[in-house]
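In this note's numbering, the protein residues as written are 14 to 114.
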């Protein structure tokens, strides 16, 4: 992830003078329909999602809408016109766990 963050920052710096904003989204575990295609039973999927939820400060896995809302925020010139070069974790607070220990 550090390489992607550095790429985001360098690209943002290169393109800022052209009024092009560059940001990246760093998702946590996201519940998507692809889980239904891996051949697991509903009970196995539910257990996996429960295990994930127990590890995240917000108590759940992410949803596709969590990612799309973050993208919409960063793409909106009204809400984010002065934001460039960031790596936005959309991970239910998981990233802060590493900084606590």
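Every residue gets a Cβ at the ideal spot worked out from N, C-alpha and C, and that includes glycine.
**Within 7 Å, strictly: CB atoms of residue 74 and residue 84** = As a working mapping, residue 74 is identified with position 61 in the chain shown. As a working mapping, residue 84 is identified with position 71 in the chain shown. Contact: no.
**Message:** Quick check: what's the CA-CA separation for residue 100 versus residue 106?
**Reply:** Residue 100 sits at position 87 when you count from the first residue of the chain shown. Residue 106 sits at position 93 when you count from the first residue of the chain shown. The alpha-carbon atoms of residue 100 and residue 106 are separated by roughly 14 Å.
**Asked** From what residue to what residue does the alpha helix (DSSP H) around residue 78 run?
**Response** By one-based count along the chain shown, residue 78 stands at place 65. Element bounds for residue 78: 77 to 88.
**Message:** Under 8 Å: do the segment 15 to 32 and the segment 49 to 66 share three or more Cβ pairs, one atom per stretch?
**Reply:** no
**Request:** Could you tell me if residue 111 is buried or exposed, where buried requires 16 or more neighbouring beta carbons within 10 angstroms of its beta carbon?
**Result:** Here the question's residue 111 lines up with position 98 in the chain shown. So residue 111 ends up on the exposed side.
**Asked** For the beta strand (DSSP E) that contains residue 48, what are its first and last residues?
**Response** Residue numbering aside, residue 48 sits at position 35 when the chain shown is read from its first letter. Residue 48 -> no beta strand (DSSP E), and no H or E assigned at all.
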